[in-house]
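Okay, so the sequence shown: first residue is 576 according to our numbering, each after it adds one.
By construction, the Cβ of each residue, glycine as well, lies at the ideal position given by its N, Cα and C atoms.
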Amino acid sequence: MFIKIFQILLVISTIVTGMSPEEKAQLRLKVIDMFKHGFNSYMKYAYPADELMPLSCKGRYRGSEPSRGDIDDALGNFSLTLVDSLDTLAVLGMFDEFERAVRQVIQYVSFDRDVIVSVFETNIRMIGGLLGGHISAKYINSRYPLRLSWYRDELLVLAHDLGLRLLPAFNTTSGLPLPRVNLRYGIDLTLSKSERERFTCTACAGTLILEWATLSRLTGNYLFEQYADRAMSYLWERRHRQSNLMGTILNVHSGDWIVRESGIGAGIDSYYEYLFKAYVLLGEKNTDYLSRFQEHYSSIMSYVQQGVAMVNVHMHQPYRLAKNHMDALLAFWPGLQVMTGDLKPAIELHEMLYQVVKKHKFLPEAFTTDYRIHWNSHPLRPEFVESTYFLYKATNDPHYLEVGRTILTNLEKHARVPCGYAALSDVSTGQHEDRMDSFVLAETFKYLYLLFDSIPHRYIDIDQFIFTTEAHLLPLNLLLFNINDTLKKEFNKQTLLSARLYEQKNLSLTERFNEKRAKNNQCPAFNDQFQSHQYKEQLRKNIRGDQDMTETVTTSSSIGIEKQTRESHNRLTPSEFSAGDPQHIAQLKQMGIQIQTMSDGRIQLIHNSANAASNEDANDGIIFIQDMMEFMKNMNELGQSSSSENRYHLPLSVIPLVTSSPLTKLISFTVGSAQFGKQLHGKSGIFAQLYVAQPFSGCSKLFFPHYLYSRIGIVRRGDCMFIEKARQLEYVQASGGIIIDHNISLKSSNGAIFSMTGDGNNNVHIPIVLMFKDEAFQLLHLLSKQPNLIVYIGEEKRLQESFYQQMDILETYFEPFNQTNRKWIYGEIEWLKKKNLCSIVPMKLKQLELIIHQENNSIDINMMNKIPIIQFEHVIDANENKSAEEIAAELFNNLNLTAVNFDGQLNNIDAYRSAFDKVIRTALANAVNESLKSNITVRQEQQIEIPIEIITTVKEEDQQQITTTTTTTTTQTTDTREYTEKRSKINDIN
């Protein structure tokens, strides 16, 4: 459905036009002439070099000219301009030149070179150019069988080879590609840690999916699409969760943001473009791309758009400007808005850019919000032409033909030189630069030609394709471009070889469990208003003038202001406020209140009356801050005096009960609790097995509900509110939920635990906790090793108490066919203080009990003297005919021990028996000697103190008798009744 609407949007009949067909035809022919001048100059003076130097009339080879820094990373001595121009030749109908160029690329282009190139530039220009050339060759041959009848997918083979040479760049912990790679030797791991190599831009890492998904689907090598998709997913996780904005530069190893400026220009532009176009190209099953784009787009139009300007802001403080100028790359944005159906802001932004062009003849590399030049160069970029073309396609407004005429005239008048077209180093003086980038032929002239082409399907039906960021053609229906079986087998063989090298690297457990989210989406329908040229002209008139762009009230922005003004009388209250509600954020902004997120996850409110929309709003902001301070004060007092229901801000613990041999100490993960759902503070915790929910976001109906029944579901943070995830888990009758956070820089160890808020409708009755990413990966690792892993969620101090209270529940997790039951061979009995009765631990739970009590299977007899555990009395009859061994055995049997505790660890009683006998015999011998010394011959009571914890198994009805005749006890813990004495008594023994 979406594709149909998309095509209707762009394929509007050109019935009404303000420019005669003859004029359009003349301009179209003029564009062809201009392209030929540039292309023929390259072939004559530069080929096989990468680029043409139009002032020197020679080629630019990598290393042959003085370095220009990062700009030269696009060069690889692989005839860049020729490859980048292939599908432009096809679009312009220059089939003879196209066929000749394809032969030259096949014959002379090789990638086995010791040269370091930009992954980003090589992908969009070279892989994109080869794919565009391959698609064009197949398309032309299908329509004109005599053309390229000799072609056997050689360009696709080259693209696949180049893709394999770029794959080593993905050998990073994050899955983001390194910015550069050596085509012959791959990655120098030492160099990859250097400052120049470990940082990449958002666009550099996020502008791969179109080319690589196409490459995967044409060749069958799934690695390309997998790696590109993983990079896109990681970038999405790195967005700021409150603003949904992206930074510009980040560390490829850690994912930390280096430059937190957010906008739509250099360093980030094509990331947004590829999110939307990936959905268009790959189909409705890939709705993650569309939903991500929608989230970003909403935030961009809320924060980045100020008036008619699109300015950079801080991603974590979106109301703060990062700079007061814009760069030329943002000119692509109106074209992207046209594709999404949002025409009003597209028309307004394009008109603002056109005013800059009219003032300076070209779009400077950077310009201020008052239309002044900030950076005065212009390399003949295509972005403004691209948006002009898409706006004309969508509106059929002759205004955009006139804009195209202006661009064409300025190019011909100010950029044409004898050997091609030269970039301008200064648009104000018209000074040239010895540079003609490949995108001039690949994009600028292609979009100009299509703008003036009166016959949409003259040579190639453009509506069957989508443009990459370098304007290369990728088919919307990839199935029409199948390859032969022989080549397919060869690609499969290479896929297996490369998979051994790359497939198993850098795959986190989160990525293995991740599932795509499905959501219904619809493209906006075309508005009839835009068929009126007068309406569009009215939108543009408001933009014209010398006023500051940020102060220009556009039609689209004024709607939001009016809406906020209408709602201002319904002032937000502190009790209603939610930091995750965009409407609340907008209301705070209107009151002049800025939100900052601190490193520990808390938020800080800063009020500045000067930033308020009006004096009335400023006063509302002051009142809100005062009310919030009072509200928090009352909440703190309530929290100190109230019961567990108001202690949701305190952390809980997640404790996995790992069965291993030898048994290891318990691991406890500190987690954040929720302000909704079942509260576990001051109460018994819960035990359950784990299951990773699918889809992993937990925002839609969960698959395989029978696996989640009575288990703790694991979901990831993001895409919806915490309470929505909880509702999905409760719907499938999960017993609880663990939400995995996204921020790897936050850990429970640094005190960053915080509680999760709901939406005011607390209709959830299961406990939900938030676990940070590092701890979650450890838990998932344990789960991968022990699929039936049981975990405890609650207060750590209540672990034992909860265990004995929930043994009947725990028993249900162990069935006869469970092979792990064979390991569960030890157990004990505990006295429950609250119920004042004795529970016998089932055999199935004995190993669990050992785990909880930190058991150790070996006993050091010297450890028995370290801890005062038990004091008991035994009557010794001096005349009775019993040996010390018999008395010790009788005493031991009366106690009916099944387990014993040494030094805080529970042990097998069989390992303990011999040590027990030795101690008892020694104690009895000493007692007898003392009796003889005291001349006591009839009946003597001797108190014997033994530093051993003895846990007895007795019947409930015998409890009182055994307590009075065999032992005397004192309770030492709130969980169990242990036979113990105060620590001071051991000092008497020692």
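Within the model, the alpha-carbon separation for Met821 versus Asn796 is close to 30 Å.
In this model, Asp1195 and Gln1158 are separated by some 16 Å (Cα to Cα).
Annotation for Leu667: Ile607, Phe610, Tyr1024 place their beta carbon closer than 7 Å to its own, counting only its chain and skipping 5 residues before and after. The alpha-carbon separation between Leu664 and Glu672 amounts to approximately 7 Å. The alpha-carbon separation between Ser1275 and Arg867 amounts to approximately 15 Å.
Counting along the chain, Glu1008 sits inside the beta strand (DSSP E) bounded by residues 1006-1008.
Taking 8 Å as the cut-off, the Cβ atoms of His1317 and Lys1348 count as close. Residues Arg603 of the same chain have their beta carbon placed closer than 6 Å to that of Asp1028, with the five preceding and five following residues left out of the count.
About 6 Å separates the beta carbon of Leu785 from that of Lys852, a gap short enough to meet the 8 Å contact definition. For Pro752, the three-state secondary structure derived from DSSP is coil. Here the stretch 1038-1052 makes contact with the stretch 684-703; the two share three or more CB pairs at distances below 8 Å. Per DSSP, the beta bridge partners of Cys776 are Ile824. In chain order, Gly634, Arg635, Tyr636 place their CB closer than 7 Å to the CB of Ala624, counting only its own chain and leaving out the 5 sequence neighbours on each side. Burial of Thr789 is indicated by the presence of at least 16 other C-beta atoms within 10 angstroms of its C-beta. Ranked by Cα distance from His900, the options Arg835, Ala884, Met618, Arg643 are led by Ala884. In this structure, Arg1286 lies near Ser1310, with their beta-carbon atoms less than 8 Å apart. Remark: C-beta atoms of Ile1289 and Leu1265 approach each other more closely than 8 Å.
Take Lys599, set aside five residues on each side of it, and the residues of its chain with a beta-carbon closer than 6 Å to its own are Phe1027, Ser1029, in chain order.
If the five residues before and after Gly995 are omitted, its C-beta is found closer than 6 Å to the C-beta atoms of Gly613, Ser616, Leu627, Pro629, Met1011, all from its own chain and listed in chain order. Annotation: Tyr620 is outside any alpha helix (DSSP H) and is labelled neither H nor E by DSSP. In this structure, Glu958 and Leu904 form a Cβ contact; the two beta carbons are roughly 6 Å apart against a cut-off of 8 Å. The stretch 832-856 is shown to contain no whole alpha helix (DSSP H) run of 4 or more residues. Counted as a single uninterrupted DSSP element, the beta strand (DSSP E) harbouring Val1267 occupies residues 1261-1267.
Three or more beta-carbon pairs separated by less than 8 Å link the stretch 935-949 to the stretch 994-1008, which places the two stretches in contact.
Counting only unbroken stretches of 4 or more residues, the alpha helix (DSSP H) elements lying wholly within the stretch 864-917 are 908-915, in sequence order. Within the DSSP secondary-structure output, Pro1050 pairs in a beta bridge with Phe1040. Lys936 places its beta carbon less than 8 Å from that of Asn985.
When secondary structure is reduced to three states using DSSP, Arg635 falls in the strand class. Residue pairing by DSSP puts Val992 in a beta bridge opposite Gly995.
Rounded to whole angstroms, Thr775 and His974 show a C-alpha spacing of 39 Å. In summary, Ile1384 is exposed, with fewer than 16 beta-carbon neighbours lying within 10 Å of its beta-carbon over all protein chains present. Note that the C-beta distance between Ser654 and Val690 is not below 8 Å. Assignment of Ile1160 by DSSP, reduced to helix, strand and coil, places it in the helix class. A Cβ-Cβ distance of about 5 Å is found for the pair Val1015 and Leu955, placing them in contact under the 8 Å criterion. Note on Leu737: 16 or more other CB atoms within 10 angstroms of its CB, so buried under the neighbour-count rule. With respect to Leu1364, Leu1374 sits apart: the two C-beta atoms are not nearer than 8 Å.
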